[in-house]
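Engineer: Pasting in a structure now, in structure tokens, and then I'll have a few things to ask.
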Amino acid sequence: MDKRVSDFLPARRDLLKLGGHGLLGAFASQALLPIQVRAAGRANPRGTARYCIVLELAGALSHIDSFDFKEDAGTQKDFDVRKIKDDLYLPYRLFPELSKEMDKVTIVRSMKSHEVVHFRGQYYTQAGRPLNPAQAPEIPSVGSVVSYEFEKLRREKDTFPTYIGCNLDTSGCGALSTGFLPPRFSVLDVNLKEGSASAPGDAEAMAVLEERYRILNKLDDAMAGSRAGRDRQFGAFRDFQHSAFQLLGDSRWPQAFKMSKEEIARYGDNSVGLGCLFARNAVQSDAGTRYIHITHPDWDHHRNIYNHAVKSNHYIRCNEFDRAMAALLRDLAAAPSPRLAGKALLDETMVVMVTEFGRVPGALNGIAGRHHYNLAYVSLFAGGGVKGGRIIGKTDAKGENVIDSGWKYNKHQIKTENVYASIYSALGIDWTKAITNTPSRRAYRYVDPLGATEMLMDDEIADLFV
Amino acid sequence: MTRFGLVFLPAVLLAQTPAPKLSHQDAEAFEQAHKPLIQPDQPRSKQASSTTAQVSPSLPSAGIAAPIVNRNFIDKHIFGRMSADKIPHAPLAGDEEFARRAWLDATGRIPEPEALAKFLADPSAKKREQLVDTLTASDAFIDKWTYYFEDLFRAGGRMGSGLNLFHYWIREWLTLDRPYNEVVTDLLTGAGKSSFSVPGALYYQRDFVKAKDDPETPDAHDLVNQPDTVDEFTVTYSKVLLGLNVACISCHDGAGHLEKVNLFLVKKKRDEFFSQAAFFGKTRQIMNWENGYQANTEYTVDDEAPGYDRKADSIVRVPRRGNGLSQPKFLLTGEAPREGENQRDALARMMTGHIQFRRAFVNRLWSELMGFGIVEPIDDFDLARYDPKNPPPAPWSIQPSNPALLDAMAEDFSANNHSFRHVVRTIMKSSAYQLSSNFPGQWQDSYSTYYARKYVRMLSAPELHDAIALATGRPGSFSSGTEKVGMAMQMPEPKKAGADVQSFMRTFGQSNRDDMPKKIPPSSLQAMLLMQSKVVTERVNSTKGGLLQSLLEKSANDRSLVEQIYLHTVSRKPSPPELQIGLDALQKDRRRGAENLQWALLNSPEFLFNY
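Protein sequences appear in the order of chains A and B.
Numbered according to the numbering used here, the first sequence spans residues 31 to 496.
Numbered according to the numbering used here, the second sequence spans residues 53 to 663.
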């Protein structure tokens with residue numbers, strides 16, 4: 031299959047090697063302009079992770095009903111709360127699988143957000159910085175920045191995009207663009223539940239596709255002949271078709287979508303389950319993808335949070351997430367790393383759960399749910415250099431206020447910016463860099479210490495790693 | 053999931069972290085290493101220019117060597133400026149190029165082959181004007197521009213069932229060609245007991261931010277206050293209706309912030325923004341409750357609130373300052389409502405009477421039909437850089453590329469009773485619109501703002517869907533109210549389409565109409581969808597009805613089959629080498645060959661672009 035595809039590829043392999051996938055944006059390529067990158071050089075990125083998978087629970091996870099469990103007026107009798115170890119209690123009914131894997135997972139309980147609104151909160155978790163409408167059009171998503179940073183590491187045989195999203199379009203803000211970065215760093219968002227067209231067909235479908243592509247190429251050449259006397263630039267448009275076709279023709283791509291019944295049962299036949307399964311496949315195939323953002327929507331339980339009779343409740347969402355993340359951790363832990371002797375893929379893959387804020391602790395509201403709560407919430411980390419089994423940060427008895435931030439900056443709670451500083455660090459990227467010649471001429475700092483409402487410590491969460 | 057509409061929180065930069073000491077060599081090394089990779093965003097004129105230059109060689113039509121005739125005042129300005137500055141321009145587009153372009157721009161559809169053939173065969177010198185008149189009088193014109201205004205006014209979302217009313221209201225005023233100033237007056241002044249019965253009330257009601265889900269305190273805005281909602285809406289309508297971006301001054305004075313951004317706004321104060329917002333200060337949107345449940349999308353809209361309170365907390369902005377209620381004053385003139393005049397009526401009167409309203413609208417239409425605006429960005433005019441007789445200090449330059457043209461168009465708009473259809477027709481009948489996208493000789497970027505060639509643009513998401521549906525003779529099936537419609541552009545809201553179509557349209561840039569339009573993240577998904585999406589592959593399947601099945605059964609011979617496929621898909625006849633490729637494809641397997649040929653055409657640049 032790969033040999034035949036190469037018949038169609040133009041000589042400009044170098045362009046394709048760059049994993050250029052953007053269709054329209056190539057046209058915005060101008061003569062390459064110099065850029066200024068200022069490295070503050072204060073950081074020592076650890077470089078312990080080759081891959082990063084971010085699981086976004088969109089809608090806001092209730093922290094006191096999950097990884098910062100508190101017994102209170104809202105606690106349900108069927109939670110089956112169990113002690114995992116010293117300070118860790120989990121409702122077993124909600125997290126039967128993860129309860130068994132907590133030795134791999136470190137919990138941060140001292141998160142804080144300034145946001146209380148979904149759209150803005152989800153923007154924050156995808157862009158790693160607060161929404162600033164003056165700058166928003168030029169701000170890239172974190173994944174695009176990673177894609178830019180890792181461009182120089184792409185190999186000839188890498189066909190998969192560096193940055194893949196799963197169901198990003200179900201997030202409140204959708205898939206963010208590449209901002210001021212060139213379009214080739216954009217995310218390829220696959221929607222596994224809908225069976226998106228990025229999923230390749232079977233061998234017969236591929237044969238049909240090849241035959242059609244052959245005709246397309248012939249027609250393109252025929253058109254070239256009629257352009258007498260005019261400078262014919264090799265249409266950048268066609269380059270993108272070629273690279274898309276190359277991807278479709280790479281046998282590893284359909285492999286990444288192959289999911290057996292057993293695997294689907296283990297991960298769960300839902301957006302987060304299939305997303306994690308795809309992420310595992312992408313990591314295992316090592317075909318160019320290094321950063322994956324999976325969105326698990328529908329957590330916004332303002333009403334009927336524990337009502338078993340409704341279509342979306344805390345039980346259902348927790349079970350879906352629990353199964354998916356546990357299966358992902360287990361499979362990555364069981365797969366040996368092809369690069370590091372005696373290590374597993376999980377040792378090279380940082381898995382992070384983010385959510386936009388928490389939910390109000392204490393008694394339920396007037397419609398049997400919990401509203402938004404930004405002063406304390408949770409994040410999970412595993413793999414890629416993270417030392418599991420710990421808890422960073424502590425809230426008060428009710429889960430309303432953080433009484434111990436758990437890291438070296440006592441007076442500062444942990445923010446989304448710090449989560450991304452940690453991810454950059456694990457991936458070996460100096461997060462104190464800034465790119466200075468942006469369109470607005472404001473420096474784009476990878477991690478910006480100027481938070482929305484207060485200064486923040488633009489540092490990684492070192493306690494995750496040591 | 054609750055949608056809260058768009059709320060802004062500009063980051064307030066109070067202090068800069070000091071830049072740490074960095075060695076000279078480190079900085080240079082990083083710069084060198086990253087030099088080839090970063091490309092800052094280009095202005096739209098450069099993008100359009102560059103896209104066209106790269107796509108154009110893949111497009112079929114060459115220009116015709118007829119002399120350019122000044123057909124209306126637009127041509128005097130466009131060609132006058134080019135001739136004064138000695139800028140070369142493209143020749144006129146050939147009939148095929150012009151026809152497809154005109155069809156797409158006016159009706160959002162590719163040409164119907166029989167009507168196209170008639171046009172091409174017509175020897176009359178006036179046939180292009182007549183085509184423009186016919187197309188802009190068609191039902192499809194109403195479809196396309198209804199969709200355009202639905203995108204512009206963000207129809208859907210919290211309008212709920214009111215969307216159907218809004219949809220038909222737009223269709224109605226487009227059909228009647230109601231004066232646009234009256235339409236905007238309706239939009240700004242709608243009020244009534246139920247948003248389900250007053251279309252104008254829906255524009256503001258749509259921006260309502262949901263309060264607590266609590267029947268005891270239905271008006272409680274614990275997450276976003278009413279003044280915050282008003283602020284948001286003020287920013288929105290200023291962009292959409294006046295082409296002004298007042299987001300910045302909604303949080304702080306222009307001075308000390310906007311010196312490098314906007315010379316007009318740098319002189320404005322946040323108080324002036326409050327005064328502008330105050331026009332809607334008394335307007336309430338009250339959610340209706342029924343039987344203990346929110347009738348989630350039906351609202352009462354009235355003007356009974358006390359006013360815009362400068363002491364009201366802000367959840368999402370820098371805290372307001374000042375005391376008491378702000379009095380409404382129009383930002384551009386300082387004018388206040390007359391004695392006894394309803395505030396919103398005053399706003400509509402002042403706004404629609406101001407030249408900036410007309411300029412902004414015609415600039416928008418120009419951008420839509422000609423590739424980019426005379427002023428760019430189209431929602432960010434800098435009024436201190438508009439007048440060439442009062443130029444801004446160096447290093448600033450005048451913002452509009454052709455202020456005389458823009459003013460002439462604004463004047464013409466007003467003189468023709470604010471007729472939207474008149475503006476579209478005038479632009480499309482000009483020779484400037486009819487230039488070819490092919491440019492002989494060496495194109496320079498500096499030619500771009502002269503409109504020295506026609507710029508290509510990729511088909512919009514619904515256009516692309518509909519073009520595929522039309523080319524294959526397989527319309528879709530979407531709900532519009534109680535009816536079923538076949539074209540995506542006839543849908544009141546893209547969210548009513550099935551998952552495949554929605555995902556296809558999203559990938560090709562369909563906005564969700566909740567947030568302001570954002571940059572489409574281009575991705576290989578676009579190329580993949582065109583290759584593999586059911587939207588395409590199901591339709592080229594010739595066993596399920598549609599064009600191919602009919603052609604396969606009825607074509608006299610293979611040559612005619614190939615020609616018909618070309619005419620229906622790319623609106624032209626195949627060249628001899630193309631014909632041969634088509635015939636070869638049919639030889640192997642007639643049915644499969646026809647499918648493959650049409651697929652290839654649907655994936656070629658000339659199908660995807662409006663040129």
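Glycine residues also receive a C-beta, built at the ideal position from the N, C-alpha and C atoms.
Measuring only between beta-carbons, confirm whether F56 (chain B) sits less than 8 Å from chain A.
Structural biologist: In this predicted model, F56 (chain B) has a pLDDT of only 32, less than 50, meaning its place in the structure is not dependable; the value taken from the coordinates is given anyway. F56 (chain B) counts as touching chain A.
Engineer: Measure how close the beta-carbons of C196 (chain A) and I114 (chain A) come, nearest whole angstrom, since I'm counting them as under 8 Å.
Structural biologist: The pair is not a contact, with the Cβ atoms about 28 Å apart (cut-off 8 Å).
Engineer: Okay, do the region 398-408 of chain B and the region 288-301 of chain B touch, 3+ Cβ pairs below 8 Å being the bar?
Structural biologist: The answer is yes - the region 288-301 of chain B touches the region 398-408 of chain B, with three or more Cβ pairs under 8 Å.
Engineer: In angstroms with no decimal places, state the Cα-to-Cα distance between R369 (chain B) and N469 (chain B).
Structural biologist: If I take the Cα positions, the gap works out to 40 Å.
Engineer: Is DSSP giving F433 (chain B) helix, strand or coil here?
Structural biologist: Correct three-state label for F433 (chain B): coil.
Engineer: What number of angstroms, rounded off, separates the C-alpha of L604 (chain B) from the C-alpha of L613 (chain B)?
Structural biologist: Their backbone Cα atoms lie some 7 Å apart in a straight line.
Engineer: In three-state terms, what does DSSP make of C82 (chain A)?
Structural biologist: C82 (chain A) falls in the strand class under three-state DSSP.
Engineer: Taking L358 (chain A) and R310 (chain A) to be in contact with their CB atoms under 8 Å, please state how far apart those CB atoms are, rounded to whole angstroms.
Structural biologist: That belief holds up - the Cβ atoms of L358 (chain A) and R310 (chain A) are roughly 6 Å apart, short of 8 Å.
Engineer: Closest to A329 (chain B) by CA distance: which of B:D641, B:D280, B:G376, B:R373 is it?
Structural biologist: Nearest of B:D641, B:D280, B:G376, B:R373 to A329 (chain B), Cα basis: B:D280.
Engineer: Out of A:I324, A:D489, A:F351, which one is the CA nearest neighbour of G71 (chain A)?
Structural biologist: Considering only alpha carbons, the answer is A:D489.
Engineer: Looking only at DSSP bridge pairs, what is L218 (chain A) linked to?
Structural biologist: Bridge partners of L218 (chain A): A:I194.
Engineer: Please compile the residues from chain B whose C-beta is within a distance smaller than 7 Å of the C-beta of E241 (chain A).
Structural biologist: Ordered by position in chain B, the residues that pass the 7 Å Cβ test against E241 (chain A) are N648.
Engineer: Going by C-alpha distance, which of A:L128, A:Q152, A:I294, A:L304 is nearest C203 (chain A)?
Structural biologist: Checking every option, the nearest Cα to that of C203 (chain A) belongs to A:Q152.
Engineer: Is there a C-beta anywhere in chain B that falls below 8 Å from the one on G204 (chain A)?
Structural biologist: It does; some Cβ of chain B falls within 8 Å.
Engineer: Would you say I194 (chain A) reaches chain B, if we count a Cβ-Cβ gap shorter than 8 Å as a contact?
Structural biologist: It does not: the Cβ of I194 (chain A) has no partner Cβ on chain B nearer than 8 Å.
Engineer: Would you mind sorting L63 (chain A) into buried or exposed? The rule is 16 or more other CB atoms within 10 Å of its CB.
Structural biologist: Its pLDDT being 40, under 50, L63 (chain A) is placed unreliably in this model, and the value from its coordinates should be taken loosely. L63 (chain A) is exposed by the Cβ-count criterion.
Engineer: Let me know if I90 (chain B) comes out buried or exposed under the rule of 16 or more other beta-carbons within 10 Å of its beta-carbon.
Structural biologist: Confidence in I90 (chain B) is poor, its pLDDT being 40 and thus under 50, which makes the residue's placement too unreliable to answer from.
Engineer: In or out: Q496 (chain B) buried (at least 16 other Cβ within 10 Å) or exposed?
Structural biologist: When all chains shown are included, Q496 (chain B) counts as exposed.
Engineer: Under 8 Å: do the region 461-473 of chain A and the region 127-141 of chain A share three or more Cβ pairs, one atom per stretch?
Structural biologist: As far as the Cβ criterion goes, the region 461-473 of chain A does not touch the region 127-141 of chain A, which means the pair count is below three.
Engineer: Less than 8 Å between CB atoms is the rule here; does Q285 (chain A) satisfy it with respect to chain B?
Structural biologist: No, Q285 (chain A) lies away from the interface with chain B (no Cβ there is under 8 Å from its Cβ).
Engineer: In chain order, what residues of the same chain have a beta carbon less than 7 Å from the beta carbon of L384 (chain B), not counting five sequence neighbours either side?
Structural biologist: For L384 (chain B), where only same-chain residues beyond five positions count, the Cβ hits under 7 Å are H406, Q408.
Engineer: Which residue wins for smallest C-alpha separation from P213 (chain A), given the options B:L660, B:L619, B:Q578, B:M583?
Structural biologist: Closest by alpha carbon: B:Q578.
Engineer: Contact between the region 201-219 of chain B and the region 168-179 of chain B is defined here as three or more beta-carbon pairs at a separation below 8 Å; is this criterion met?
Structural biologist: The region 201-219 of chain B is not in contact with the region 168-179 of chain B.
Engineer: CA-CA distance, A513 (chain B) and Y199 (chain B)?
Structural biologist: Approximately 11 Å between the Cα atoms of the pair.
Engineer: Please return the same chain residues whose Cβ sits closer than 7 Å to the Cβ of R123 (chain B), not counting the five positions on each side in sequence.
Structural biologist: For R123 (chain B), where only same-chain residues beyond five positions count, the Cβ hits under 7 Å are K481, S482, S483.
Engineer: Looking at chain A, is there any beta carbon in it that lies within less than 8 Å of the beta carbon of A357 (chain B)?
Structural biologist: By this cut-off, A357 (chain B) is not an interface position.
Engineer: What's the C-alpha gap between K341 (chain A) and L215 (chain B)?
Structural biologist: K341 (chain A) and L215 (chain B): Cα-Cα distance of roughly 26 Å.
Engineer: Are the CB atoms of L222 (chain A) and G305 (chain A) within a distance shorter than 8 Å?
Structural biologist: In contact: G305 (chain A) and L222 (chain A) (Cβ atoms closer than 8 Å).
Engineer: Given R437 (chain B), which residues of its chain have a CB within under 7 Å of its CB, disregarding the five upstream and five downstream residues?
Structural biologist: These residues qualify, in order along the chain: L315, P444, W448, I450, Q451.
Engineer: So the candidates are B:F125, B:R153, B:N233; which of them puts its Cα closest to the Cα of S466 (chain B)?
Structural biologist: Selected option, being the one with the closest Cα: B:N233.
Engineer: For K100 (chain A), does the three-state DSSP call read helix, strand or coil?
Structural biologist: If DSSP states are grouped into helix, strand and coil, K100 (chain A) belongs with coil.
Engineer: Check each candidate in B:E311, B:A151, B:R396 and name the one with the smallest Cα separation from R161 (chain B).
Structural biologist: Closest by alpha carbon: B:A151.
Engineer: Does S497 (chain A) come within less than 8 Å of chain B when only Cβ atoms are used?
Structural biologist: For chain A, the structure presents residues 31 to 496; residue 497 (chain A) sits outside this window and is missing.
Engineer: Would you report the Cα separation of L480 (chain A) and L183 (chain A), rounded to the nearest angstrom?
Structural biologist: One C-alpha to the other measures close to 31 Å.
Engineer: DSSP puts K463 (chain A) in a beta bridge; with which residues?
Structural biologist: According to DSSP, which records beta bridges pairwise, K463 (chain A) is partnered with A:A69.
Engineer: Is the shortest distance between the beta-carbon of E149 (chain B) and the beta-carbons of chain A less than 8 Å?
Structural biologist: For E149 (chain B), the answer is no, since every Cβ of chain A falls outside 8 Å of its Cβ.
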